[in-house]
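Take -15 as the starting number for the sequence shown in the working numbering and just add one per residue. In this text, a Cβ means the ideal position worked out from N, Cα and C, and glycines have one as well. Given the structure is predicted, the values throughout are model-derived calculations rather than measurements. Only one structure is covered here, and it is reproduced in the block below.
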Amino acid sequence: MLVGRNEPCPCGSGKKFKKCCGRIEGSAIHGVMQEELENLQRELIDYAMEHHSYEMKKHFQSFLHTYEVLRKDPQVYLIAFEIWFILTQSLKNGRTILQEFVAHRAQTVNRERTRTVFLAWPQVKFIAGTVKAARGNVYEVEDVLSGETVSIRARRQLPIEGVFVTGGLLPFEKEYTFFMIDFHFEQYVVPKATNWLSLQFKQSEETSSQQFLAANWLSVLEGLFSIYEEQTESEEQTESEEKALDHSELTWEKESQKKTADALLAFLQEEGIGELRQQTAVLLWNLYCQKENPTIRKPEIYTAAVYSLLQSHQMIDTNYSNSQLASRLGVSAASLAKRVKEMEQVLEGHLEQDKQALQV
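If you want it as structure tokens, here you go:
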């Protein structure tokens, strides 16, 4: 259809064609529509807060003790809850907040093409799947439950191929956009997340993956964050173990000095002292040995002395007196006090440096 430059724009904006779609060619119109639709999303959230804050607050509070992982980050939980409630939960009038807002606002959306998309918003869907490809700011996500591939238009180009993503989707012509935000997890989460989610769907009473995701999306998100936390903690532990100091590689002038390092580590582990502080203690002991080359007859007294120095310089949180330490390790309090004084004089500058390093 040919439209004169000074004729009304067929999009319905009320502007002349040359001032509206006539200056927007090809895919650029998507950017204009996306901006208009994002403004409508913000209006939807404001509408929900203004007209339905009581219902939302009541449900929000009732779920606080259900989703323990999500509520560790209150902002994440709040956003997730708002997405789920606005898109899925029926009000007393039988409509969702989204449906109510679209009915309320549609006739005042000027651009016809934008209005057509907006009217389709109640055909909301949820997705949980893997990003298979990205084309600019449009990426293809394969839903793990249905096998369907969905094109999703993002606000910007994201280098996230292969990650696991979930969220609520609003129609955008032949594509979709996320409502508010998406939640995505690194590639290493994908296998476990896929298996867990498939099992949850099989064990549910829902007949379709869409019904399952819409009804249980907060539970799904809780499970995904739990998997992410577990694998992150496991990776951090592995990384910590890989970086852990092998004190056998340190230089010891005498075997008794190395045996004292073994005894020191054992005591620190027994006390639940963290890996980094264990390493700091052994390095301090090694430094003392390099400077003084002590002859060790009773490793326990040096173990107690190093521990006492860590305490007095606030590198560990325990609060044993020297008498208590001496009793625990079977040494005399007087001998311990003497060793602490000797070692502190040798290590004084290093103790302060290590204290500052541990506080960073």
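Query, Result
"In DSSP terms, what V122 is bridged to", "R119, R137"
"Coil, strand or helix - L154 by DSSP", "strand"
"Spatial distance of P135 from A250 (CA atoms)", "First, the residue type needs correcting, since residue 135 is Ser and not Pro in the sequence shown. Their backbone Cα atoms lie some 56 Å apart in a straight line."
"DSSP bridge partner residues for Y286 (one or two, in chain order)", "In DSSP, Y286 forms no bridge with anything."
"Simplified DSSP assignment, three categories, for I63", "helix"
"Local conformation of A297 per DSSP, three classes", "Reading off the sequence shown, one finds His at residue 297, where the question assumed Ala. H297: coil per DSSP, three-state reduction."
"In DSSP terms, what F353 is bridged to", "The first residue shown for the chain is -15 and the last is 344, placing residue 353 beyond what the model contains."
"Backbone CA spacing between T176 and G151 [nearest angstrom]", "The question names Thr, yet the displayed sequence has Lys at residue 176. Roughly 18 Å separates the two Cα atoms."
"Residue(s) in a DSSP beta bridge with A112", "T150"
"Own chain residues within Cβ distance below 6 Å of Y286, not counting five before or after", "T244"
"Member of E22, Y51, K238 whose CA lies at the smallest distance from the CA of S210", "Y51"
"Alpha-carbon spacing of T222 relative to D246, whole angstroms", "For T222, the predicted model reports a pLDDT of 48, less than 50, meaning its position is unreliable; a value from the coordinates is still stated below. Going by the C-alpha atoms only, they are around 22 Å apart."
"Identity of the residues DSSP links to H168 by a beta bridge", "V149"
"Sub-7 Å separation of T133 and E145 beta-carbons", "no"
"Candidates K56, L71, S130, of which the one nearest E84 by Cα", "L71"
"Per DSSP, the bridge partner or partners of K0", "P(-8)"
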